[in-house]
Amino acid sequence: MSKLNSVNIDQTEETATEILEPVAELDKQIVSPVKETRNQAIRYILWGLISVAVNFATFYTTYHLIGLEYQVANIVSWVIAVQVAFWVDRLKVFDHHSNHVYREMGKFYGTRVVTYVVEAIILWLLMSVLGSSAVLAKVLGQAGAIIGNFLFSKLYVFRNK
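For what it's worth, UniProt numbering labels the leading residue of the sequence shown as 1, then goes sequentially.
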């Protein structure tokens, strides 16, 4: 009887292993990209604080201290923050290394133009149409831009082929 039990146990272990190996491989294929995206999103938020701080500091300086019109101040702050963001995203967030830096930079700036236009519309709508404060408008505009920028960077600019 113990020999019979041993055979059944061995067969059961083989069956479980045969069933679980494809599941484990599928888990690697599905869960690993999800975990990597989550980790990239966390790095994007943490490292992105640098470019957000540059953007806000430049906007505050040019709008409140220098007295530039808010859209001009936003353009100046955007250009400086985008250049900082490109290098931070490329090297720290997506750990992307290729020989096509200028092509990537062009794609990066192109996608940032799209999110800049969205942010400019939000600023105009909130400040000029609704009379909101510049700080509230900037915070909401940046929130929309940050989400769009992450998706564009991950799916288009720094994707691995």
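For each residue, glycine too, the CB sits at the ideal point set by N, CA and C. All values derive from a computational prediction rather than experimental measurement.
Relative to the C-alpha of residue i, which candidate in the options has its C-alpha closest?
i      : options                        : result
SER153 : ARG112, ILE121, VAL129         : ARG112
ALA143 : GLU119, SER133, ARG159, TYR156 : GLU119
LEU126 : THR115, ILE50, GLY141, ILE66   : GLY141
GLU69  : LEU151, ILE147, ALA134         : ALA134
SER51  : ASN39, ILE146, GLN71           : ILE146
ASN160 : GLY110, ILE45, ASN99, GLN71    : ASN99
SER128 : ALA41, VAL101, GLN71           : GLN71
ALA41  : ALA57, THR61, PHE94, ALA53     : PHE94
From residue i to residue j, what distance separates their C-alpha atoms?
i      : j      : result
ILE80  : TRP87  : 12 angstroms
THR37  : LEU65  : 39 angstroms
ASN55  : TRP124 : 17 angstroms
LEU151 : LEU130 : 29 angstroms
SER32  : GLY67  : 49 angstroms
LEU49  : VAL34  : 23 angstroms
ALA53  : ASN39  : 21 angstroms
ARG103 : ILE45  : 24 angstroms
Excluding the 5 residues flanking residue i on each side, which residues of the same chain have their C-beta closer than 8 angstroms to its C-beta?
i           : result
residue 166 : In this structure the chain extends from 1 to 161, so residue 166 is not present and cannot be described.
LEU136      : LEU126
SER132      : LEU126
Can you tell me whether residue i is buried or exposed? The criterion is at least 16 other CB atoms within 10 Å of its CB, across all chains shown.
i      : result
ALA85  : buried
VAL82  : buried
TYR63  : buried
TYR116 : buried
ILE122 : buried
Tell me which same chain residues have a C-beta within less than 6 angstroms of the C-beta of residue i, skipping the five on either side of it?
i      : result
PHE108 : PHE86, VAL157
GLY148 : THR115
Could you name the residues of the same chain whose beta carbon sits closer than 7 angstroms to that of residue i, not counting the 5 residues immediately before and after it, in chain order?
i      : result
PHE59  : ALA73, ASN74, SER77, LYS138
MET105 : PHE86
HIS96  : ARG90, PHE158
ALA57  : none
Does any residue of chain D have a CB that is nearer than 8 angstroms to the CB of residue i?
i      : result
ALA137 : Although the question refers to chain D, the structure presented lacks it and comprises just one protein chain.
Subject >> Runs of alpha helix (DSSP H) lying entirely within the UniProt domain "GtrA/DPMS transmembrane" (43-158), each at least 4 residues, in chain order >> reply: 70-88, 101-123, 134-152
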